[in-house]
Amino acid sequence: MAKAIEQPVPGITVGHGLLARRNGVAQPVDKIVHDGDTINIAADGNFGVRLLGVDAPEVSFELPSNPGLPDFPRGFVRIEHPAWTTFLTDPFAAGFPPLVLRSALHRDLLARLGPEAAANHARHAAPATRALKDMIAGDLAEQGHTEATFKIRLAFAHEVLDRYGRLLCYVNREQREKPRPDPYNERLLAAGHVVPYFIWPNVDPFVRQEGRVADAVPPPGAGRAVGEAGALGRAREAVRAARASGLGLWDHAAPLAVLPFELRFLAQRRAPDRYVLDLSDDARELLHPQSYFRVPAPEDRLFVNPEHAPLFREKGWSVPPL
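The numbering used here puts the first residue of the sequence shown at 732, with every later residue one more than the last.
See below:
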């Protein structure tokens, strides 16, 4: 399906538009031009949407090349493929592009990798995909809509787009009257189908966003307070309840072994670069990106992009060098 916003090559994001529509009819140029620097357009294509605060097990992803494994498939490969079993058995094997990790993170990953890691990941990916489809289909049926009339509501935080041109938001069915159901993001967390993946400053789209990102930086030592407030607090509570009940990927007998973002950075051969603020304590420091695992519970990790780290340093946080 054609995308209204896409990344045709890495690092380049482009969009595709049409003259603004009214009741499906294209408007004349003199109507769509507001002033010398503003026009109204309609999207030419569909929007990719990335649900904020969650990370689902990957259904497919690109494998790294290895001259010693010439039969490795190219492009996006389903995680059930035997090549993924080979890769996740030992992603540090000779022949793969280099990936330099700290020894402590390396040991932590090795303890969870192995011949069963790919099958484990694929086993949890399928229910997550099915759950989101069922939630949307259930809302469509409950509201008495067809696929042509069903409407979706998007709630944005600070950043509207990710690096791939996808909209970043909380997603729900359109419903004006209260009470409304929880957004799909929170429903998926509560059912244990996704891992929490909180990235500052996009933590709560339901509160007024500060005019400047710098103004949203919490004071040093405020991690616990930040983690207990608003949508972030609700999401963390939902994750703890799902894990205690052994739901979904928190299955007590076979929990998800390799987190989605770990699978991605191993395959992309790119060490993690987001700092971590521990929401479970009142520390005044950000953890090094490769120390994320030292915060045991994923819902206690608030990731901070490297470009935002100087803002935390200016506010008084201790920020280790990369």
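We put the CB at the ideal spot given by N, CA and C, even for glycine.
Proximity below 8 Å, CB of residue i to CB of residue j
i, j, result
"R885", "E878", "Going by the sequence as given, residue 885 is Leu instead of Arg. It is not a contact, given that the beta carbons lie outside the stated cut-off."
"N851", "G826", "no"
"L920", "A849", "no"
"R833", "Q1021", "yes"
"S1011", "V1026", "yes"
"R1015", "G952", "yes"
"E689", "A856", "As displayed, the chain neither begins before 732 nor continues past 1053, which places residue 689 out of reach and without an answer."
"L1018", "W1048", "no"
"I763", "A751", "yes"
"L1053", "P1041", "no"
"A1002", "L830", "yes"
"G799", "I772", "no"
"L899", "R781", "yes"
"A787", "A868", "no"
"G954", "D1009", "yes"
"V944", "Y1006", "no"
"S791", "I770", "no"
"K734", "G779", "yes"
Beta-ladder partner(s) of residue i, from DSSP
i, result
"I883", "R904"
"E793", "F807"
"K734", "N777"
"T769", "D766"
"S976", "Partner(s): none; S976 has no beta bridge."
"L1008", "L1033"
"E1016", "S1049"
"W931", "V1035"
"G748", "A774"
"R753", "V756"
"D786", "V926"
"V740", "I743"
beta-carbon residue i near the ligand SAH non-hydrogen atom, thresh 7 Å
i, result
"F778", "The ligand SAH is not part of the structure shown, which contains no ligands of any sort."
Closest residue to residue i among the options (Cα-Cα distance)
i, options, result
"P801", "D913, I810, F792 and A814", "A814"
"F887", "G784, P1051, G742 and H765", "G784"
"Y915", "E737, V902 and K909", "V902"
"R894", "T744, A735, A733 and K909", "T744"
"D821", "L841, A787 and P828", "L841"
"F818", "E993, D1013 and V756", "E993"
"H924", "A969, D935 and D1004", "A969"
"F807", "F1043, V1007, R995 and T880", "R995"
"V891", "D839, G977, N933 and R1044", "N933"
"P986", "E1045, R843, I883 and P1051", "R843"
"A966", "P936, L794, N777 and D946", "P936"
"I736", "L749, R897 and P1003", "R897"
"A853", "H837, H812 and G869", "H812"
"E1045", "A862, V948 and G875", "V948"
"A922", "L980, K734 and R753", "L980"
"P1029", "F1043, V989 and V1050", "V989"
"N777", "G767, N754, G746 and A945", "G746"
"K864", "P846, R918 and R753", "R918"
"P846", "M866, T816 and A862", "T816"
"H837", "V1050, F1024 and P912", "F1024"
"A824", "L997, R1005 and V1007", "L997"
"G942", "G755, H765, H889 and Y1006", "H889"
"D1057", "G958, M866 and R971", "For residue 1057 there is no data in the structure shown, the boundaries of the chain being 732 and 1053."
"D1013", "Q906, A956 and G875", "A956"
Check whether the stretch 920-931 touches the stretch 1033-1047, counting contact only when three or more Cβ pairs, one atom from each stretch, lie closer than 8 Å. These segments touch.
Secondary structure, beta strand (DSSP E): runs of 3+ residues fully inside the stretch 823-899: Counting whole runs of 3 or more residues, the stretch 823-899 contains the beta strand (DSSP E) stretches 883-886.
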